[in-house]
Structures are given as structure tokens and as C-alpha cells.
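This report concerns only the one structure given below.
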């Protein structure tokens, strides 16, 4: 238990003397055990991270939206992007929808 807590503090980059005080360690010998645990824990992690090269974070296909979707720009129920401010020709009084089918 003490070595596990010491490893967590070490991974959180607490100073060694703080770990020694909290864990009541009389020397820094616990670093030998911690480094071994960290090496075993992180063994081969980088190889596993680059194993799958075919992935994307952003979908590649185009998603189309309908004019009924309130998430589209300038929809009458989308107050964040609607052009209802100022003295423009499209000045509209804002109204909140009773509910939304899109989320």
C-alpha cells in the first residue's frame, strides 16, 4: 500500500522529500521499487500507441442538415447564431421553442 501510494505521488511529480514525509520513509530507497513499477507499467506503451495508423478524429464524410434542424446557422430557434440583432432588414422578435426534437 505504501509503495503504491508513493508511486502515485511520484507520477504526480511531488518532490521526493514530500513523498518520504507522507509515507514515513526513512530513506529514498523506495525510488528503486517505484521506478521498477513505472517501467513495468509503461513497458511497450509507445509501440501499442502507434500500432493502429488508420484512424481519424474528424469524420471524412459530409453530413447534411435539413432546414428543420435548429442547430443550423440562423435557424429561428437557434439564438446563438441567429441574425436577430441590430437594425437589419431581418429583425425578428426572439421566441423560445416549447421543446426540441434535435439534441
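In my numbering, the protein residues as written are 2 to 104. Glycine included, C-beta positions come from ideal geometry on N, C-alpha and C. For clarity, every value in this text was computed on a predicted model and none was experimentally measured.
Check                                                                                                    : Outcome
Residue 28 versus residue 54 - alpha carbon distance                                                     : 45 Å
Bounding residues of the alpha helix (DSSP H) (the contiguous stretch that carries residue 4)            : 3-12
Exposure of residue 8, with buried meaning 16 or more beta-carbon neighbours within 10 Å                 : buried
Local conformation of residue 69 per DSSP, three classes                                                 : coil
Neighbourhood of residue 11 by C-beta, 7 Å cutoff - its chain only, sequence neighbours within 5 removed : 20 and 35
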